[in-house]
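Residue numbers (this note's numbering), protein chains in the order written: chain A, 140 to 427; chain B, 140 to 427; chain C, 140 to 427; chain D, 140 to 427; chain E, 140 to 427; chain F, 140 to 427. Note sheet for the following structure.
Number of protein chains: 6
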Amino acid sequence: MLQPNIETFIGCEASYSDSRIVLYGAPFDSTTSFRPGARFGPSAMRHESFGLETYSPYQDLDLTECAVFDSGDLELCFGNPEQALHDIESRAGKILRDGKIPLLLGGEHLVTLGAVRAAAKKYPNLHIIHFDAHADLRDHYLGAKLSHACVIRRCWDLLGDGRIHQFVIRSGEQEEFQFAKAHTDFHPFDFEGLEHTISVLRKQNAPIYFTIDLDCLDPSVFPGTGTPEAGGVSFLQLLKALRMVCTANVVGADLNELAPSLDHSGVSTAAACKVLRELLIALDTKVK
Amino acid sequence: MLQPNIETFIGCEASYSDSRIVLYGAPFDSTTSFRPGARFGPSAMRHESFGLETYSPYQDLDLTECAVFDSGDLELCFGNPEQALHDIESRAGKILRDGKIPLLLGGEHLVTLGAVRAAAKKYPNLHIIHFDAHADLRDHYLGAKLSHACVIRRCWDLLGDGRIHQFVIRSGEQEEFQFAKAHTDFHPFDFEGLEHTISVLRKQNAPIYFTIDLDCLDPSVFPGTGTPEAGGVSFLQLLKALRMVCTANVVGADLNELAPSLDHSGVSTAAACKVLRELLIALDTKVK
Amino acid sequence: MLQPNIETFIGCEASYSDSRIVLYGAPFDSTTSFRPGARFGPSAMRHESFGLETYSPYQDLDLTECAVFDSGDLELCFGNPEQALHDIESRAGKILRDGKIPLLLGGEHLVTLGAVRAAAKKYPNLHIIHFDAHADLRDHYLGAKLSHACVIRRCWDLLGDGRIHQFVIRSGEQEEFQFAKAHTDFHPFDFEGLEHTISVLRKQNAPIYFTIDLDCLDPSVFPGTGTPEAGGVSFLQLLKALRMVCTANVVGADLNELAPSLDHSGVSTAAACKVLRELLIALDTKVK
Amino acid sequence: MLQPNIETFIGCEASYSDSRIVLYGAPFDSTTSFRPGARFGPSAMRHESFGLETYSPYQDLDLTECAVFDSGDLELCFGNPEQALHDIESRAGKILRDGKIPLLLGGEHLVTLGAVRAAAKKYPNLHIIHFDAHADLRDHYLGAKLSHACVIRRCWDLLGDGRIHQFVIRSGEQEEFQFAKAHTDFHPFDFEGLEHTISVLRKQNAPIYFTIDLDCLDPSVFPGTGTPEAGGVSFLQLLKALRMVCTANVVGADLNELAPSLDHSGVSTAAACKVLRELLIALDTKVK
Amino acid sequence: MLQPNIETFIGCEASYSDSRIVLYGAPFDSTTSFRPGARFGPSAMRHESFGLETYSPYQDLDLTECAVFDSGDLELCFGNPEQALHDIESRAGKILRDGKIPLLLGGEHLVTLGAVRAAAKKYPNLHIIHFDAHADLRDHYLGAKLSHACVIRRCWDLLGDGRIHQFVIRSGEQEEFQFAKAHTDFHPFDFEGLEHTISVLRKQNAPIYFTIDLDCLDPSVFPGTGTPEAGGVSFLQLLKALRMVCTANVVGADLNELAPSLDHSGVSTAAACKVLRELLIALDTKVK
Amino acid sequence: MLQPNIETFIGCEASYSDSRIVLYGAPFDSTTSFRPGARFGPSAMRHESFGLETYSPYQDLDLTECAVFDSGDLELCFGNPEQALHDIESRAGKILRDGKIPLLLGGEHLVTLGAVRAAAKKYPNLHIIHFDAHADLRDHYLGAKLSHACVIRRCWDLLGDGRIHQFVIRSGEQEEFQFAKAHTDFHPFDFEGLEHTISVLRKQNAPIYFTIDLDCLDPSVFPGTGTPEAGGVSFLQLLKALRMVCTANVVGADLNELAPSLDHSGVSTAAACKVLRELLIALDTKVK
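Set out below in C-alpha cells:
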C-alpha cells in the first residue's frame with residue numbers, strides 16, 4: 140500500500156505524543172518593511188534539509204535520537220497581523236499545555252510575539268534571550284504597533300524591565316538604542332556578557348523564551364535575509380552561544396527571517412538548517 | 140548652484156499645475172498570498188525608464204509632449220491594508236478634485252480599491268475595465284475581505300452588476316467564474332468583445348476606471364510577477380487593446396503587479412515601462 | 140492532536156484505494172549530458188502547486204473532483220541508471236496491477252523507460268505518444284545505451300516499428316531524423332497529424348503510454364529545462380494537444396525535464412504545474 | 140602526445156585555408172549606454188555550443204559539412220572605440236582579401252562599423268541588410284559619434300542613401316525615425332518588404348553586408364540583451380528571414396548584442412547559437 | 140500641492156549652501172576590463188539606502204545631524220574616458236571652490252582621477268590614501284593610459300613619489316608590485332602601518348584625498364564587484380580604518396566599484412551603503 | 140595565417156614535453172546526491188581565469204614562469220561512473236609515466252578515485268592528504284559503491300590504515316566519524332595537526348596524492364558548491380595549508396567540487412582560480 144508524501148525537517152520523525160519538542164512554521168511576512176520573502180523560510184528549511192546530515196560533529200549526537208515532531212506550517216492570513224498572531228499563540232499554547240517545547244520557524248520576526256504571549260501566559264516570570272542584528276524596539280512603525288520592527292517592544296509591554304536580554308544588536312534608530320540602555324539587558328555587536336547572563340538565569344531557574352533572528356549572523360554567512368547587516372557574528376560563534384543558552388531552562392524558541400529566494404546559492408538555507416539541527420539537539424539534550 | 144536628485148518616470152516632467160495626468164506609486168504588497176515583491180514595482184519602473192525612448196513608434200507621438208507629473212510613491216504601512224487604502228484614496232481624490240487623471244502604479248492589485256473608491260465618489264456611474272489573468276472576485280481570502288484576491292469583488296460591492304468589464308481572465312476558483320458569469324461583463328482568455336464594450340461605453344460617455352494587472356500578459360513576455368499564468372496575451376495585443384480603451388472616457392487608471400526582483404533579466408520591468416509610456420500617450424492624446 | 144506535514148500536489152488528496160490516477164516522482168538526472176537539475180522537478184511542482192488554482196477554466200472542471208493520489212518521490216540511486224529504472228518499473232508495475240493509471244513526474248527523460256517497461260508488460264500492444272523537442276533516438280551516447288538521448292530508441296527496442304508517434308521534434312543528429320523517418324510515426328516541429336493519429340488509435344482502442352518532455356514547449360514559455368530549443372509550441376497548443384490525446388485510451392503517462400533552478404522567475408514550474416493539472420483532469424474525465 | 144585545449148564554435152573545425160567562412164569575435168561593449176555585458180557574447184556562444192546539435196532539421200544540412208574556421212576573439216581595448224574599430228577592420232580586411240566571408244560575433248553593435256569599413260573598401264557598392272529593434276541612426280550620443288546608438292548612421296556616412304535596408308525596428312528617437320524615412324529603406328516592426336528588397340538586390344547581384352542585432356527577436360525568446368524591446372519577431376520568423384537574405388550575395392555578416400549574464404536560464408545563448416548555426420549553413424550553402 | 144519625486148541617499152537632505160559634504164555620482168565603467176556593472180553603483184546605493192538606519196551605533200551619531208547634500212549623478216559619455224574625467228573634474232572643482240568636501244560615488248576606479256585632478260589643483264601638496272585589492276599601477280592597459288588598471292599610476296604622474304599610501308593591495312602584475320615598492324608607501328594585504336601613516340600626515344596637516352575601492356573588502360562581505368579578490372579585510376576592519384583616516388585632513392573622497400547586479404542577494408549594496416554612512420559621519424564630525 | 144582558438148588556464152602555456160605539471164579536467168557529477176553542477180567547474184575555471192593575475196603576491200612568483208600544460212577536459216560518459224573512472228585513471232597514468240605531476244580539475248569528488256588508482260599503481264606506498272568538509276567515508280550510498288560520498292572509503296580500500304590524512308572535516312554520518320577515528324589520520328574542523336603530519340611525511344619522503352575538495356572553504360568564501368557546509372576555513376588558511384603540503388613530495392593532486400552556476404556572483408570561480416594558481420606555483424617551485 141503506497142503512502143502519501145510526508146515532508147518533515149530531516150530526522151524529526153517522532154510521533155506527537157512521544158515528542159519533547161514540536162516544530163511549527165509561521166509563513167508570514169506581511170509587515171516586513173524592506174524586502175519580503177521570509178514567508179518561504181520554514182518550507183525551504185524542510186525541503187532543503189535532505190541535504191543535511193542528522194549527525195552533529197559539534198555535539199557528537201544525532202538528531203534521529205532526539206524526540207522531535209514537525210507539525211508543518213500554519214495557514215496564516217496575509218495582511219492581518221493580529222489574526223496571524225492569534226493563530227500562532229493558539230498553536231504554541233497547545234504545545235505548551237501538552238508539556239512540550241514549541242519551536243517556531245518564521246517568517247518575519249513579528250511571529251515571535253504570538254509565541255511569547257503563549258509562553259508568558261504559562262510562565263509569568265518569563266525571560267527572553269534575543270539574538271538579532273536589529274533592536275526591534277520601536278514603539279510603532281509608520282503608525283503600526285504590530286510590525287517586525289516593534290516586536291521586542293511589544294514583548295517588553297508584556298514583561299517589563301529586566302526580562303529581555305539582547306545580543307549582537309548593531310542596527311536601529313537612536314531612540315531604540317536609548318530605550319535598550321534604559322530597559323533591557325543590552326549587549327550590542329556580539330555575545331559579550333552572555334555567559335554571565337546565562338549563569339544568573341540558571342541560578343534562578345528562570346523560564347526562557349529563546350528567539351534567534353538569523354540576521355544576527357554576518358551576511359557573508361547568511362545573505363538570504365530581508366535586511367542584511369554587515370558586521371555580524373560567525374556561524375561558530377552562534378553555535379557556541381546557542382549551546383550555552385540551552386544549558387538554561389528554555390521553554391520555547393524560534394528561528395526567524397530566512398528569506399531563501401534572496402540567496403540563490405542556497406548557502407543561507409543550508410546554514411539555517413544546521414542552526415536548527417544544533418538547536419534541536421542542544422534543547423533535547425537538556426530536557427531528556 | 141547644484142540641484143538635488145529628482146527621479147521621475149522618463150519624460151514626465153510637467154509641473155503639477157500644468158499636468159493633465161498625475162503618476163503616483165503605491166508600493167504595497169502585504170496581502171499577496173503567493174510571492175510578494177510588487178512593492179518594488181513603481182520605483183523599478185521609474186529607475187529603469189532611463190533605458191526607454193520617449194518616442195512611441197506605435198502612436199508616432201512623444202511622451203515629452205504630454206503633460207504628465209510624477210508625484211512619487213506614497214509611504215504606506217505594511218501589514219495594515221485599510222490604512223494603505225485610505226492613503227491611496229486620499230491621493231487619488233486630490234488629483235481628481237484638481238481635474239486631472241490619477242494614474243496609479245502598484246503594488247499588488249488591492250491598491251486599485253483605494254483609487255476606485257475615490258473615482259466612484261466623483262463619478263457614481265463609474266465603470267471599470269479590468270485586464271487581468273485572475274478574476275479577483277473572491278468574497279474573502281482566508282478570512283480577509285481586503286486581499287488582492289478579492290479586489291474586484293470589493294469594487295462590485297461599490298458599483299454593482301453591469302459596471303465591471305473583465306478581459307483575459309484565465310485563473311480563479313470555480314465560484315469566481317460562476318460569480319463573473321452572473322454579475323460582470325466577463326470575457327475570459329482574451330480581448331474578444333472589447334471593441335463592442337468600448338463602443339457601448341463611448342456612446343454613453345460613461346466614466347471609466349481602467350485597471351491593468353500586468354499578469355494579463357503571457358509570462359513569456361512578463362515573467363516578473365507574483366503569480367504568472369501561462370496562456371496570456373501578447374504585448375502587441377495589449378497595446379492595441381489599451382489604445383482602444385483610451386478612446387473612451389477614462390477618468391483614472393492603474394498598472395499593477397510588476398514584481399521586478401522575480402525577473403533578473405529586466406525584461407518585465409522594460410515591458411511595464413513601455414506599457415506605461417503607451418498608456419500615458421494614449422490617455423493624454425484623448426484629453427488634450 | 141497535531142498532524143505531521145503532508146505535502147502533495149495541490150488537490151490530489153484521494154486515498155490510494157479510491158484513486159484512479161497515481162502520481163509518483165523520479166528525481167533522477169544522472170545521464171543528463173548538458174545541464175542537470177531535472178531531479179528537482181517533481182518536488183518543485185508539488186511545492187509550488189499551492190500557488191495554483193485547482194479549477195481549470197479550459198475544461199470547466201476542478202482537480203479536487205478527480206481521484207488522484209500522490210505517492211511522493213522514489214529514492215533513486217544517482218550514478219546507477221539500471222537500478223533507477225528497475226525501481227521505477229517496479230512502482231509503475233504495482234500501480235498498473237492495481238488497475239490505476241501511473242503518472243510519473245521526472246526527472247530526466249530516461250525515467251520514461253522504466254514506466255514503459257511496466258506498461259508494455261501489461262499491454263504488449265502498447266503505443267507511445269511522444270511530445271518532445273528532441274528525437275531521443277540515438278543508439279548510444281558516448282558508449283552508454285541508457286541515456287536520456289537514447290530513451291525512445293530503447294522504447295523502440297521493446298515495441299518495434301509503427302508503435303511510436305513523435306511530435307514537435309526539432310533537434311537531433313541527422314541519423315536520428317533518418318531513423319525516425321524509417322521507424323516511427325514522425326511529426327517534426329509541431330502537432331500536425333496528431334488528430335489523425337489519435338483517431339486511428341481510438342478506433343483500435345490501442346493502449347497508449349503518453350510521454351511529455353516539457354521542452355516541447357517554446358523556451359519563452361518554459362525556459363527551465365536542461366536543453367532549451369527555440370522554435371517550440373505554445374502553452375495553449377500543448378493544452379489542446381494533450382486533451383486530444385486523453386480522448387484515447389491512455390494507460391500511463393509522464394511529464395519530464397522541468398529543471399526548476401534554471402529559471403529563477405518560477406514561470407517554468409508554474410507552467411509545468413498547470414500542464415499537470417490539465418493532464419490529470421483530462422485523464423480522469425476519460426476514465427471515471 | 141596530449142593536445143592543448145582548443146575551443147571553437149561546435150562543428151567549425153575547418154583549417155583556415157580550407158574555410159569559406161571565418162568566425163571572429165569582438166568582445167567589446169564600452170559604449171553601451173544602458174546595460175553592458177555583450178562583451179561576453181562570443182565566448183558564451185562558443186562555450187555553450189557544445190549543447191547544440193550540428194544538424195539543422197530546418198535546412199536538412201549539417202554544420203560539420205560546411206567549411207568554417209573559428210579564429211577566436213580579438214583582444215580589444217576597452218574605453219577606446221576608435222582603436223577597437225581599427226582592430227576589427229584589420230581582421231575583417233584580411234579575411235576578405237583571402238576570399239572568405241568574415242562572420243563577426245559581437246559585442247555591442249558598434250563593432251559592425253569596423254567590419255563595414257573593411258567590406259566597403261573591397262565593395263564600394265556595398266548594401267547593408269540590418270535586422271534590429273533599434274534604428275541606431277543618432278548622429279551622436281551624449282557627444283560621442285562612435286556609439287552603439289549611432290552605428291548605422293556612421294555606416295550611412297560611408298554608403299549614403301538607398302544602401303541601407305532596415306527591418307524590425309521598433310525603438311528610437313523621433314528624429315531617427317524621420318531620418319530613416321528620408322534616407323534608408325525602412326521597414327519598422329517586422330520583415331514586411333524583405334522578400335521584395337532581396338529580389339531587387341539579387342537582380343543587381345549587389346554585395347551585401349548582413350548585420351543581425353539579436354534584439355530584433357522578441358524578449359520572450361531572447362531576454363539576454365542590454366536593451367530588450369517588447370514586440371519583436373519570433374525565432375522562426377528570424378530563421379526564415381535570414382535564409383532569404385542568404386540567397387543573395389552576402390559578403391560579410393555579424394551577430395550582435397547577446398549579453399549572456401542577463402539571462403541566467405541560458406535560453407538566450409542557446410537561441411543565439413542556433414541562429415549562428417542556421418546562418419552559417421545558409422551562407423555556406425550559397426557559396427560552396 | 141504635490142511635490143516631484145526627489146531621491147537622495149538616506150538622511151542627506153541638507154541644502155547645497157548649508158552642506159559641508161557634497162555627494163556626486165559618476166556612473167561610468169567603460170574601461171572595466173573584466174566584468175562591467177559599476178555604472179549602476181551610485182543609483183543602487185541611493186535606491187537601497189531606504190533600508191538603512193541613519194543612526195550609527197559604531198559612532199553613536201546620526202547621519203541626519205550631518206550636513207550632506209546629494210547632487211545626483213553626472214551624465215557621462217560611455218566610450219570616452221577623457222570626456223568623462225573632464226566632467227568629473229569640473230564637478231569636483233566647483234564643490235572644492237565652494238569650500239565643501241566632494242564625495243564621489245563610482246563607477247569604476249578610473250573616475251577617481253577626475254576628482255584627484257581637481258583636488259591637486261587646489262592642494263598641490265595633496266596626499267592619497269588608497270584602499271584597494273588592486274595596485275592599479277600599470278602604465279597602460281592594452282595600449283590605454285586611461286584605464287581602471289592605471290588610475291593610481293596616473294595619480295602618481297601628478298603627485299610623484301611619497302604622496303600615495305596604499306593599503307590592502309593583494310593583486311597585480313609583478314611590475315606593479317615592484318613599482319609600488321619603489322614609489323609609493325605600500326602596505327599589501329591589510330591595514331598594517333595605517334596608524335603610523337595617519338599620525339605622520341596629521342602632524343603635517345597634509346591635505347588628503349581618500350579613495351576606497353570597495354573590493355578591498357573580502358568577497359564574502361562584498362561579492363558585488365567586477366573583480367573580486369579573495370583574502371580581503373572584514374567590514375569591521377574597514378570601518379575602523381576609515382574612522383582613523385577621517386581624523387586627518389581629508390579634503391575629498393570616493394567610494395568605488397560596487398557592481399550591484401553581480402550580487403542578487405543585495406548584501407553588497409547594503410554593505411556599501413553602510414560604509415558610506417560611516418564615512419559621511421566620520422568626515423562630518425571632523426569638519427563641523 | 141589565423142590561429143584556431145586555444146583556451147587554457149591563464150599562464151599555463153608550456154608545451155606538453157616541457158611541462159612539469161599537466162592539468163586535465165573531469166567534467167563529471169553523475170553521482171552527486173544533492174545539487175549537481177560540478178561538471179562545469181573545470182571549464183569555468185579556464186574561462187574565468189582571464190580575470191586573474193598570473194603573479195602571486197603571496198609567494199612572490201609568477202605562474203608564467205612555471206611549466207604547466209593544460210590538456211583540456213576528458214569527454215566522460217554521464218551515468219557510467221566506472222567508465223569515467225577508467226578514463227581518468229588512463230589520463231593520469233600517462234602523465235605519471237611521462238614523469239609529470241597530474242593535476243585534476245573536477246567535477247565531483249568521485250573523480251579523485253581514478254587519479255588515486257593511477258598514482259597508487261606507480262607509488263604503492265602512496266599517502267593521501269585530504270582537505271574537505273565531508274568525510275566521504277561511507278561504504279555505500281543508496282547501494283552504490285562508486286559515489287562521491289564514498290570516494291575516500293574506496294581510496295582506503297586501496298591503501299589501508301594510516302595512509303589517509305583528513306583535515307577540516309565537519310560533516311558526515313556518525314558511522315563515518317567513527318570509521319575515521321579508527322582508520323584514518325583524522326583532523327576534524329580545521330588544519331590543526333597538519334604541520335606535524337607533513338613533517339612526518341617529509342621525513343619518510345612519502346609520495347603524496349593531495350586532494351582538495353573546495354568545500355573545505357567556508358561557504359562565505361566559496362558558496363558555489365553542491366553541499367555547502369557552514370563553519371569552514373578561510374581562504375588565507377587554505378593558502379597557508381596548501382603551501383605547507385607542497386613542501387612534501389606531492390606526486391599528484393586535484394581540486395574538486397566547484398559548481399559555478401550555484402554562485403551567480405562569480406566569487407567562487409574566482410577563488411577557485413586563485414587556489415589553483417597558488418597550488419601550481421607551490422608545486423612547481425618544489426619540483427623545478
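Backbone N, C-alpha and C define an ideal beta-carbon position, used for all residues, glycine too.
- Nearest neighbour of Lys320/C by Cα position, chosen from His335/C, Asp300/C, Val339/C and Leu333/C, turns out to be Asp300/C.
- Residue state for Gly190/A is assigned as helix, using DSSP reduced to three classes.
- In this structure, DSSP gives Ser156/A a state outside helix and strand, which the three-state scheme calls coil.
- Chain-order list of chain D residues neighbouring Ser359/C: Ser359 and Val360, by C-beta distance under 7 Å.
- For Gly363/C, a Cβ of chain D is located within less than 8 Å of the residue's own Cβ.
- Bridge pairing for Pro166/B: absent [DSSP].
- Contact of Thr366/D with chain B is assigned, a C-beta pair being separated by under 8 Å.
- Listed as beta-bridge partners of Pro327/C by DSSP are Ile308/C.
- Scanning Arg174/E, Glu192/E and Ile149/E for the CA closest to the CA of Thr366/A turns up Glu192/E.
- Here Glu334/E is exposed, its C-beta having fewer than 16 other C-beta atoms within 10 Å.
- Under the DSSP definition of a beta bridge, Leu242/E partners with Leu162/E and Ala392/E.
- Contact between the stretch 165-181 of chain E and the stretch 171-189 of chain B is not established, with fewer than three Cβ pairs separated by less than 8 Å.
- When the beta-carbon positions are compared, Ala177/C and Asn395/C come within less than 8 Å of each other.
- Around Glu221/E, no beta-carbon contact reaches into chain B at under 9 Å, the shortest distance being about 23 Å.
- As computed with DSSP, Leu200/A is found in a beta bridge with Ser195/A.
- According to the DSSP assignment, Gly371/F belongs to no beta strand (DSSP E), since it is labelled neither H nor E.
- 8 Å or more divides the Cβ of Lys342/F from the Cβ of Cys385/F.
- Between Gly180/D and chain C, the shortest Cβ-Cβ separation is not below 8 Å.
- Shown here, Gly232/F sits in a helix according to DSSP, grouped into three states.
- Proximity of Gly245/F to chain C, defined by a Cβ-Cβ separation below 8 Å, is not satisfied.
- The Cβ atoms of Ile420/B and Ala387/B do not sit closer than 8 Å to each other.
- The alpha carbon of Asp329/B has as its nearest neighbour, out of Ala409/B, His269/B, Ala283/B and Ser407/B, the alpha carbon of His269/B.
- Taking a C-beta distance under 8 Å as the contact criterion, Ile267/A and Cys289/A do not qualify as a contact pair.
- Linking Glu146/F to Phe179/D through their CA atoms gives a straight-line distance of about 15 Å.
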